[in-house]
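Residue numbers (my numbering): 19 to 91.
C-beta atoms are modelled at their ideal positions from N, C-alpha and C, and glycine is treated no differently.
Keep in mind the model is a prediction, meaning the values are calculated, not measured.
Report on the following structure.
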């Protein structure tokens, strides 16, 4: 029984760490700030904001980086 409990605890810890949010990624789970065309300034201001509009702007600027200044002022 102890071995079963230990195995279950290890699996739970592994699952929790796999779903951890990274502070250097857009919305905690998206691409790293350095990979996104709008860069660190936009990430610092909007990277943790998971609202629908910010997520929409995130994907628009991935397709058209010229929109960064307009969508992430």
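Can we count residue i as close to the ligand COA, meaning its CB is less than 7 Å from some heavy atom?
i, result
"residue 61", "For the structure depicted, the ligand COA is absent and the ligand set is empty, with no information on it obtainable."
Taking buried to mean at least 16 other C-beta atoms within 10 Å of its own C-beta, is residue i buried or exposed?
i, result
"residue 59", "exposed"
"residue 74", "exposed"
"residue 20", "exposed"
"residue 67", "exposed"
"residue 61", "buried"
Assuming residue i contacts residue j (C-beta within less than 8 Å), just tell me the rounded distance between them.
i, j, result
"residue 80", "residue 55", "7 Å"
Whose CA, out of the options, lies closest to the CA of residue i?
i, options, result
"residue 91", "64, 48 and 50", "64"
"residue 83", "53, 62 and 67", "53"
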